[in-house]
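Protein chains: 2
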Amino acid sequence: MSVPLYQAKAEMFRTLGHPVRIRVLELLQNGPRPVRDLLAEIDVEASNLSQQLAVLRRAGIVTSFRDGALVMYALSTPDVADLLAAGRRILGAVLTDRDGLLVELRSQTPR
Amino acid sequence: MSVPLYQAKAEMFRTLGHPVRIRVLELLQNGPRPVRDLLAEIDVEASNLSQQLAVLRRAGIVTSFRDGALVMYALSTPDVADLLAAGRRILGAVLTDRDGLLVELRSQTPR
DNA sequence: GACCGACTTGAAGATTTCTGCAACTCCGAA
DNA sequence: TTCGGAGTTGCAGAAATCTTCAAGTCGGTC
Numbered sequence: 016m017s018v019p020l021y022q023a024k025a026e027m028f029r030t031l032g033h034p035v036r037i038r039v040l041e042l043l044q045n046g047p048r049p050v051r052d053l054l055a056e057i058d059v060e061a062s063n064l065s066q067q068l069a070v071l072r073r074a075g076i077v078t079s080f081r082d083g084a085l086v087m088y089a090l091s092t093p094d095v096a097d098l099l100a101a102g103r104r105i106l107g108a109v110l111t112d113r114d115g116l117l118v119e120l121r122s123q124t125p126r
Numbered sequence: 016m017s018v019p020l021y022q023a024k025a026e027m028f029r030t031l032g033h034p035v036r037i038r039v040l041e042l043l044q045n046g047p048r049p050v051r052d053l054l055a056e057i058d059v060e061a062s063n064l065s066q067q068l069a070v071l072r073r074a075g076i077v078t079s080f081r082d083g084a085l086v087m088y089a090l091s092t093p094d095v096a097d098l099l100a101a102g103r104r105i106l107g108a109v110l111t112d113r114d115g116l117l118v119e120l121r122s123q124t125p126r
């Protein structure tokens, strides 16, 4: 297997490695959402959110389209939900009462 | 859900966001391996590999133990394999003949 | 067509991550 | 007890990422 493929995989994971971007993806799991909604749920400046959305867009993980005055975002593939779920599982295995985060993690219904 | 949990998830993904670390994890899927072996398969300096292993160790994704003169590394949980597999699927969905990497990706047997 | 809300873009400074070198520890063999 | 192989650690310069501010675009509405 060639080197560039590892590069691509690493970039994909790195793209997910940001709190705001994770938050966005989890919100988009429930279907397309306008930026305005995301902004209302995530405590971050509009320009910052826009930058993070651009990162996800460039990586091809989300797509966007205009609906009148609003810009909508959606997951480009439902596989993203699997990835997030797998991440959640590992976090559970790794944290194993390392601290209180575990309790909170467990309370999140596994889809 | 509180902010710190997103932080933890993001950190977990960021930990995977490096070519050498991805390579290491894929090699460890087949069972524990001494650093010497990893070094032989990954084209990187020993100190660099050691730094990357330290990152994975700190994140709790791998564990290490000494076996005589060798230091062995192993996945801390088999769930990691699922995560890598999910990543592979997304990459496949996202790349969809965006370039030649796709062909290579497909040739990799899905576990 | 002027204005406002909804977003995006560009750029700069601050922060974090990476890489490679040098020095150091640990173990086993001679 | 000395030596060499196997790894790790500390650090500094280089590179990538984040955050924020200012400016700009696109649609609707009055």
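Each protein sequence line maps, in turn, to chains A and B.
Here the first sequence is numbered in our numbering, starting from 16 and rising by one per residue.
Here the second sequence is numbered in our numbering, starting from 16 and rising by one per residue.
In this text, a Cβ means the ideal position worked out from N, Cα and C, and glycines have one as well.
Bear in mind the structure is a predicted one, so any value in this text is a computation, not a measurement.
Closest Cα partner of proline 47 (chain B) within the set B:Val86, B:Ala108, B:Ala69: B:Val86
Chain A residues whose Cβ lies nearer than 9 Å to that of proline 47 (chain B): By Cβ distance, chain A contributes nothing, its closest Cβ being about 17 Å from proline 47 (chain B), past 9 Å.
Local conformation of serine 91 (chain A) per DSSP, three classes: coil
Where aspartate 82 (chain B) falls: helix, strand or coil (DSSP): strand
Partners in chain A for arginine 104 (chain B), counting only beta-carbon separations shorter than 9 Å: Thr92, Asp94, Asp97, Leu98
Helix, strand or coil at proline 19 (chain B) according to DSSP, with G and I counted as helix: helix
Chain-ordered chain B contacts of methionine 27 (chain A) [CB-CB under 7 Å]: Gly102, Ile105, Leu106
Coarse secondary structure for valine 59 (chain B), derived from DSSP in three states: coil
Contacts around proline 49 (chain A), its chain only, beta-carbon distance under 6 Å, and the 5 residues preceding and following it disregarded: Leu85, Met87
C-alpha gap between aspartate 112 (chain A) and alanine 108 (chain B), whole angstroms: Any answer about aspartate 112 (chain A) is weak, because its pLDDT of 46 lies below 50 and its placement is not dependable; what the coordinates show is given next. Near 35 Å, if we compare the C-alpha coordinates of alanine 108 (chain B) and aspartate 112 (chain A).
Length of the line joining the Cα atoms of isoleucine 64 (chain B) and isoleucine 37 (chain B): The question names isoleucine, but residue 64 (chain B) is leucine in the sequence shown. Cα-Cα distance, rounded: 12 Å.
Where the alpha helix (DSSP H) containing isoleucine 37 (chain A) begins and where it ends: 34–43
Alpha carbon of alanine 96 (chain A) to alpha carbon of leucine 20 (chain B), nearest angstrom: 17 Å
Exposed unless 16 or more other CB atoms sit within 10 angstroms - verdict on proline 93 (chain B): exposed
Beta carbon of leucine 31 (chain A) nearer than 7 Å to that of phenylalanine 28 (chain B): yes
Check whether valine 39 (chain B) and leucine 53 (chain B) have beta carbons under 7 Å apart: yes
Same chain, Cβ closer than 7 Å to proline 34 (chain A), five either side skipped, listed in chain order: none
Cβ-Cβ distance between glycine 102 (chain B) and serine 91 (chain B) below 7 Å: no
Sequence-distant residues of the same chain with beta carbon closer than 7 Å to arginine 71 (chain A), five excluded per side: First, the residue type needs correcting, since residue 71 (chain A) is leucine and not arginine in the sequence shown. Cβ within range, chain order: Thr30, Arg36, Val39, Val77.
Contacts that tyrosine 21 (chain B) makes with chain A (C-beta to C-beta distance below 7 Å): Pro34, Ile37, Arg38
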